[in-house]
Amino acid sequence: HYYDSTDLAGLYDLLASYKEQNILTTPNKMVILMIQSCIDELSQHETLFSKEDCDFVQDYLLRPGRWFSFEYIVFANLAFSMPAKINLRISKKMFHAYQQFHLPSYDELIVNALYNLSISFLEQDDPSSAIQFLSFLDLKKLDHHVLYMRHHVTFLKLIIQFKLNPLDVKNANELRTFLEATKLIDDVLFEKNIDWIKSLKINPKTILK
1 HYYDSTDLAG LYDLLASYKE QNILTTPNKM VILMIQSCID ELSQHETLFS KEDCDFVQDY
61 LLRPGRWFSF EYIVFANLAF SMPAKINLRI SKKMFHAYQQ FHLPSYDELI VNALYNLSIS
121 FLEQDDPSSA IQFLSFLDLK KLDHHVLYMR HHVTFLKLII QFKLNPLDVK NANELRTFLE
181 ATKLIDDVLF EKNIDWIKSL KINPKTILK
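Read left to right, the sequence shown gives residues 1 to 209 (the UniProt record's numbering).
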């Protein structure tokens with residue numbers, strides 16, 4: 001709620017009260033780091049976590065065993081605050097965990113992680129890593145009913161290709177065709193794609209002309 005309404009004061013109060021009321025267990029520290037990451041983003045003082053915090057996060061997420069909803073939420077929210085090489089390492093674990101076990105409710109969580117990871121790579125001027133991490137996810141191995149996720153992964157690949165080479169006519173045509181087809185099928189999803197394109201400082205009109 002505080003993040004969606006860009007309420008920095010509310011986030012600071014939430015962080016202070018959460019620290020005061022909760023024992024510093026591993027899950028609680030993850031929540032604290034997520035709140036701090038939101039504060040950094042909204043205050044436009046985005047910096048990467050310290051090595052100690054990065055090690056803490058990756059030690060937790062790379063431990064053997066299944067991922068449940070909490071792990072996806074943690075990774076999606078903290079990707080902005082970690083360097084690309086760590087995000088790539090954790091991505092491999094995330095995709096493996098998803099293939100080994102997932103509930104239907106995890107589909108949207110992993111899509112959110114994909115979005116945030118792509119943005120973090122692009123913000124770190126590392127589109128090649130964005131492409132590399134998407135290559136870990138083999139769409140052929142996904143359940144065919146997970147159309148929502150398949151759509152978003154395909155969209156991410158197309159937009160990253162366009163970002164890398166906006167003058168390539170083939171890339172632009174493929175992205176435009178994809179967006180036009182999306183608009184015919186689902187206006188809401190189309191608008192979500194357009195909003196994400198704008199967030200990458202790309203004018204959608206240059207694609208849909």
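C-beta: ideal position from N, C-alpha, C; glycine also.
Between N193 and F70, the alpha-carbon positions lie close to 25 Å from each other. By the criterion of a C-beta distance shorter than 6 Å, N112 is surrounded in its chain by A76, once the five residues flanking it on both sides are discounted. Taking 8 Å as the cut-off, the Cβ atoms of D40 and S81 count as close. Excluding five sequence positions before and after V74, the CB atoms of its chain that fall closer than 6 Å to its own CB belong to M30, given in chain order. Between T26 and Y60, the C-beta gap is smaller than 8 Å, which places the two residues in contact.
Residue state for I23 is assigned as coil, using DSSP reduced to three classes. A straight-line Cα-Cα distance of about 48 Å links L208 and K19. Between F162 and L179, the CB-CB gap reaches or exceeds 8 Å. For the 8 Å CB-CB criterion, M149 and I110 form a contact. Along the stretch 80-162, the alpha helix (DSSP H) occurs as fully enclosed runs of 4 or more residues at 84-100, 106-123, 127-135, listed in sequence order.
Inclusion of I35 and L14 in the CB contact set at 8 Å is warranted, their separation being smaller than that value.
In this structure, DSSP gives Q44 a state outside helix and strand, which the three-state scheme calls coil.
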